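The structure under discussion appears below in the form of structure tokens.
Protein chains: 4
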Amino acid sequence: MVHTYNHNVHYYETDKMGVTHHSNYIRFMEETRIDFMERIGYGYYRMEEEGVGSPVMAITCDYKKPSTYPDIVTVELQVLEMRPLKISFCYTMKVGETVVCTATSLHCFIDSDGRPVKYQERYPELAEKLREYLKA
Amino acid sequence: MVHTYNHNVHYYETDKMGVTHHSNYIRFMEETRIDFMERIGYGYYRMEEEGVGSPVMAITCDYKKPSTYPDIVTVELQVLEMRPLKISFCYTMKVGETVVCTATSLHCFIDSDGRPVKYQERYPELAEKLREYLKA
Amino acid sequence: MVHTYNHNVHYYETDKMGVTHHSNYIRFMEETRIDFMERIGYGYYRMEEEGVGSPVMAITCDYKKPSTYPDIVTVELQVLEMRPLKISFCYTMKVGETVVCTATSLHCFIDSDGRPVKYQERYPELAEKLREYLKA
Amino acid sequence: MVHTYNHNVHYYETDKMGVTHHSNYIRFMEETRIDFMERIGYGYYRMEEEGVGSPVMAITCDYKKPSTYPDIVTVELQVLEMRPLKISFCYTMKVGETVVCTATSLHCFIDSDGRPVKYQERYPELAEKLREYLKA
Numbered sequence: 002m003v004h005t006y007n008h009n010v011h012y013y014e015t016d017k018m019g020v021t022h023h024s025n026y027i028r029f030m031e032e033t034r035i036d037f038m039e040r041i042g043y044g045y046y047r048m049e050e051e052g053v054g055s056p057v058m059a060i061t062c063d064y065k066k067p068s069t070y071p072d073i074v075t076v077e078l079q080v081l082e083m084r085p086l087k088i089s090f091c092y093t094m095k096v097g098e099t100v101v102c103t104a105t106s107l108h109c110f111i112d113s114d115g116r117p118v119k120y121q122e123r124y125p126e127l128a129e130k131l132r133e134y135l136k137a
Numbered sequence: 002m003v004h005t006y007n008h009n010v011h012y013y014e015t016d017k018m019g020v021t022h023h024s025n026y027i028r029f030m031e032e033t034r035i036d037f038m039e040r041i042g043y044g045y046y047r048m049e050e051e052g053v054g055s056p057v058m059a060i061t062c063d064y065k066k067p068s069t070y071p072d073i074v075t076v077e078l079q080v081l082e083m084r085p086l087k088i089s090f091c092y093t094m095k096v097g098e099t100v101v102c103t104a105t106s107l108h109c110f111i112d113s114d115g116r117p118v119k120y121q122e123r124y125p126e127l128a129e130k131l132r133e134y135l136k137a
Numbered sequence: 002m003v004h005t006y007n008h009n010v011h012y013y014e015t016d017k018m019g020v021t022h023h024s025n026y027i028r029f030m031e032e033t034r035i036d037f038m039e040r041i042g043y044g045y046y047r048m049e050e051e052g053v054g055s056p057v058m059a060i061t062c063d064y065k066k067p068s069t070y071p072d073i074v075t076v077e078l079q080v081l082e083m084r085p086l087k088i089s090f091c092y093t094m095k096v097g098e099t100v101v102c103t104a105t106s107l108h109c110f111i112d113s114d115g116r117p118v119k120y121q122e123r124y125p126e127l128a129e130k131l132r133e134y135l136k137a
Numbered sequence: 002m003v004h005t006y007n008h009n010v011h012y013y014e015t016d017k018m019g020v021t022h023h024s025n026y027i028r029f030m031e032e033t034r035i036d037f038m039e040r041i042g043y044g045y046y047r048m049e050e051e052g053v054g055s056p057v058m059a060i061t062c063d064y065k066k067p068s069t070y071p072d073i074v075t076v077e078l079q080v081l082e083m084r085p086l087k088i089s090f091c092y093t094m095k096v097g098e099t100v101v102c103t104a105t106s107l108h109c110f111i112d113s114d115g116r117p118v119k120y121q122e123r124y125p126e127l128a129e130k131l132r133e134y135l136k137a
């Protein structure tokens with residue numbers, strides 16, 4: 002499965018080249034990821050309640066084509082890999098049918114003491130949901 | 002007295018009009034204010050130690066001329082008014098001799114319980130310093 | 002009439018106080034204004050085609066209560082005043098029923114040579130639409 | 002050789018986790034790169050005069066440790082690889098002696114028609130300067 006999220010490019014997200022500044026795609030990825038976690042039932046409030054955070058460990062971003070205001074960037078998220086302590090997501094961002102950016106992000110889960118969490122063991126239902134979005 | 006602070010406009014602060022996006026001047030004001038408080042001896046760490054915050058209550062901003070990357074925006078800060086529970090600052094932002102923006106900000110001081118602080122009574126030395134920068 | 006626009010506060014719009022950074026409200030206002038112009042038929046492409054821009058001349062912003070991720074900020078826009086060469090908008094931003102911010106913005110219209118445009122004369126239909134949103 | 006650039010983390014660059022939002026490191030990289038190009042004599046104005054742009058094609062970013070306001074992030078830039086049509090830079094970002102982020106960026110050079118430029122042939126002096134900063 003693929004999780005899809007739309008971001009309307011805002012005027013203030015463009016730069017003097019007339020295109021979306023490349024740093025903003027990192028923010029579109031975060032919006033999409035947060036929206037995805039909400040969708041599968043492990044949104045912000047629930048994770049906070051559980052005392053579990055999931056910081057960004059690494060990012061890759063390949064810029065294919067520019068986008069600009071007032072484009073709608075459609076972000077398609079899939080789970081790229083699930084390891085005991087880490088998870089990675091991949092993102093394909095499109096304007097219409099044109100791919101403007103592909104990207105990945107790597108995350109861990111940590112508890113309130115900063116210790117890494119074996120999320121698949123502690124949250125088997127979350128792991129099951131995530132597996133549905135695993136990239137083939 | 003006048004407190005002066007320089008902000009180098011960054012490429013990512015411009016928009017597709019080719020100029021500094023107007024929302025960024027609000028950030029230049031914050032940078033200047035924080036730099037000013039540091040200069041007069043009541044910087045971030047000290048205020049945090051004292052358990053005192055000073056949220057922004059209001060902003061006004063008059064955009065006179067555009068600026069852009071790679072301009073240096075020189076911000077001149079003065080204290081506009083000191084009331085028992087509130088303080089306001091005024092800002093003149095220039096590129097070279099050209100005024101690009103004039104602005105004001107209004108703040109209160111609150112303790113860790115969110116209660117307003119009579120800052121002139123509690124911090125007479127701070128009040129004295131602030132008075133040196135009062136606009137004539 | 003009132004034009005209403007929703008902005009979902011993003012995680013990256015918060016600051017270390019745990020609330021929406023105050024500079025972002027200026028951006029919510031722009032989003033709302035652009036959405037409004039689109040709604041009344043004078044959106045970005047049309048204005049660009051007409052060779053008419055409408056820069057921000059001034060902003061005022063009164064911060065009433067904090068908002069934070071993942072609040073939805075509902076922005077209510079009205080036309081505050083229509084002068085021959087200038088127009089001002091007012092904004093009431095709410096989270097649920099709580100007003101978090103009230104604001105105004107002042108604009109002019111300029112043609113591609115940078116000359117001010119008497120927008121009510123040149124675009125009578127636009128003026129008529131704008132009048133429908135005039136604050137009583 | 003290594004090009005060094007300092008970025009003072011601003012309050013508005015933090016998020017509600019209390020740390021520098023990860024998207025901002027992409028901006029620190031741009032600031033450093035622009036500062037570097039200026040230093041070696043091929044700054045913004047000169048490149049614009051030459052009609053040559055150098056868009057970002059790809060980014061990688063490894064987040065090692067958090068930084069926050071009011072840290073000073075010191076960015077060390079080196080040239081990672083020089084190909085006929087592409088160039089990559091690598092960045093080590095530190096707070097004091099602690100590495101907070103390592104990153105790379107990939108760029109091409111294009112002329113005003115959008116055609117790729119063999120920068121080492123067209124600008125042999127630039128190529129020579131760049132080689133001085135090649136990572137061993």
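Chains as they are written, first to last, in my numbering: chain U, 2 to 137; chain F, 2 to 137; chain B, 2 to 137; chain L, 2 to 137.
Yeah, the Cβ is synthetic: ideal placement off N, Cα and C, and Gly gets one too.
For clarity, every value in this text was computed on a predicted model and none was experimentally measured.
Aspartate 63 (chain L) is bridged by DSSP to U:Ala59, L:Thr103. Along the stretch 21 to 44 of chain U, going in chain order, the ones with a CB nearer than 7 angstroms to a CB of chain B are Arg28, Glu31, Glu32, Ile35.
In the DSSP annotation of this structure, the continuous segment of the beta strand (DSSP E) that includes leucine 78 (chain B) starts and ends at 73 to 83. At a cut-off of 8 angstroms between beta carbons, lysine 66 (chain B) makes no contact with chain L. Exclusion of the five residues before and after lysine 66 (chain F) leaves Thr99, Val101 as the residues of its chain whose Cβ lies within less than 6 angstroms of its Cβ. Taking 8 angstroms as the cut-off between beta carbons, none of the residues of the stretch 70 to 104 of chain F comes near chain B. For histidine 11 (chain U), the nearest CB of chain B lies under 8 angstroms from its own CB, placing it at the interface with that chain. The C-beta of cysteine 62 (chain B) comes closer than 8 angstroms to at least one C-beta of chain F. Look at isoleucine 88 (chain F) here: in three-state DSSP terms it is strand.
The alpha-carbon separation between glutamate 32 (chain U) and histidine 11 (chain B) amounts to approximately 7 angstroms. Threonine 5 (chain B): not part of any alpha helix (DSSP H); member of the beta strand (DSSP E) spanning 4 to 9, first to last residue. In the DSSP annotation of this structure, the continuous segment of the alpha helix (DSSP H) that includes glutamate 31 (chain U) starts and ends at 25 to 40. According to DSSP, proline 117 (chain B) shares a beta bridge with B:Ile111. Residue-level contact by beta carbon fails for valine 118 (chain L) and chain U, as no gap is shorter than 8 angstroms. Three or more Cβ pairs drawn from the stretch 6 to 20 of chain L and the stretch 67 to 84 of chain L lie within less than 8 angstroms of each other, which places the two stretches in contact. By the Cβ test, the stretch 126 to 136 of chain L is in contact with the stretch 38 to 46 of chain L, since at least three Cβ pairs between them sit closer than 8 angstroms.
Contact holds between the stretch 81 to 94 of chain F and the stretch 106 to 114 of chain F, because three or more Cβ pairs, one in each stretch, are under 8 angstroms apart. Between the C-alpha atoms of glutamate 126 (chain L) and aspartate 63 (chain U) there is a straight-line separation of about 29 angstroms. With a contact defined as Cβ atoms closer than 8 angstroms, serine 24 (chain B) and isoleucine 27 (chain F) qualify at about 4 angstroms. CA-to-CA, the gap between valine 76 (chain B) and histidine 4 (chain B) works out to about 8 angstroms.
Listed in chain order, the positions of the stretch 44 to 58 of chain B with a beta carbon within less than 7 angstroms of a beta carbon of chain F are Val57, Met58. Rounded to the nearest whole angstrom, the CA to CA distance from valine 53 (chain B) to leucine 81 (chain B) is 21 angstroms. By DSSP's assignment, leucine 135 (chain L) forms a beta bridge with L:Val80. For the pair aspartate 114 (chain U) and aspartate 36 (chain F), the Cα-to-Cα distance works out to about 33 angstroms.
Non-local C-beta neighbours of methionine 38 (chain F) in its own chain, meaning closer than 6 angstroms and more than five positions away in sequence, comprise Gly44, ordered along the chain. DSSP links threonine 21 (chain B) through a beta bridge to B:Thr15. Rounded to the nearest angstrom, the gap between the Cα atoms of methionine 30 (chain B) and tyrosine 92 (chain B) is 7 angstroms. For glutamate 98 (chain U), there is no enclosing alpha helix (DSSP H), as DSSP marks it with neither H nor E.
Take the alpha-carbon of valine 96 (chain L) and the one of methionine 18 (chain B): they are about 22 angstroms apart. At a cut-off of 8 angstroms between C-beta atoms, aspartate 114 (chain U) does not count as an interface residue with respect to chain F. Residue range 45 to 51 is occupied by the alpha helix (DSSP H) that includes tyrosine 46 (chain F).
Distances from the CA of threonine 61 (chain U) to each of U:Tyr6, U:Thr103, U:Arg123 were compared; the closest alpha carbon is that of U:Thr103.
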